[in-house]
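So the sequence shown is numbered by the numbering used here: it starts at 231 and just counts up by one. A virtual CB, placed ideally from N, CA and C, is assigned to each residue, including glycine. Single-structure report; data block below.
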Amino acid sequence: MAGMELTREGNSVIRKFVGYDRHDTYAEIDLVKRPYKALHLLVNWFLPSQKLLHMERGGSHITKVYDQAQTPCARMLTREDVSEETKNKLRSIATELDLASLYHEILLCQEQLDEIAKRRQPPSIKKRGNYAYILDGSTA
Numbered sequence: 231m232a233g234m235e236l237t238r239e240g241n242s243v244i245r246k247f248v249g250y251d252r253h254d255t256y257a258e259i260d261l262v263k264r265p266y267k268a269l270h271l272l273v274n275w276f277l278p279s280q281k282l283l284h285m286e287r288g289g290s291h292i293t294k295v296y297d298q299a300q301t302p303c304a305r306m307l308t309r310e311d312v313s314e315e316t317k318n319k320l321r322s323i324a325t326e327l328d329l330a331s332l333y334h335e336i337l338l339c340q341e342q343l344d345e346i347a348k349r350r351q352p353p354s355i356k357k358r359g360n361y362a363y364i365l366d367g368s369t370a
């Protein structure tokens, strides 16, 4: 059941940051869920993205026209249908954020998940001549 919860997560942003290894124990799932808030803040306040405005078809060739790259927060601040109160909240959150600490928190979770993935990998077997050697990662 625990493994199914994680495999249902189709969020590509999370998958890019935590990797595609299978994490099926409750401890691993808790570790995967830890960077969600930091990733949310990083993606919405610091990582710009381009929005597709429209596509133009010329025969078999399709040309995609994109908007200028902006962060999702910057897009919200330029919208007219968003209240001034909401915009002020977004601005206050933006002044409190620290890119370095968010990045450090995400990196720490990635390193811990990588360690778990390395421990799960079976030892490699290297064949030399008529002998097979098991390499446990501590030997070269």
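Check: Under 8 Å between C-beta atoms of residue 337 and residue 271; Outcome: no
Check: Assigned secondary structure, residue 262 (DSSP; H/G/I helix, E/B strand, else coil); Outcome: helix
Check: Own chain, CB closer than 7 Å to residue 342, minus 5 neighbours either side, in chain order; Outcome: 261
Check: C-alpha distance - residue 350 paired with residue 246, whole-angstrom precision; Outcome: 20 Å
Check: Contact under 8 Å by Cβ, residue 373 with residue 293; Outcome: Since the first residue shown for the chain is 231 and the last is 370, residue 373 is missing from the structure and cannot be characterised.
Check: Inter-stretch contact at 8 Å, needing at least 3 Cβ pairs: the stretch 277-285 / the stretch 295-313; Outcome: yes
Check: Coil, strand or helix - residue 300 by DSSP; Outcome: strand
Check: Segment limits, alpha helix (DSSP H) that includes residue 253; Outcome: Per DSSP, residue 253 belongs to no alpha helix (DSSP H) and is neither H nor E.
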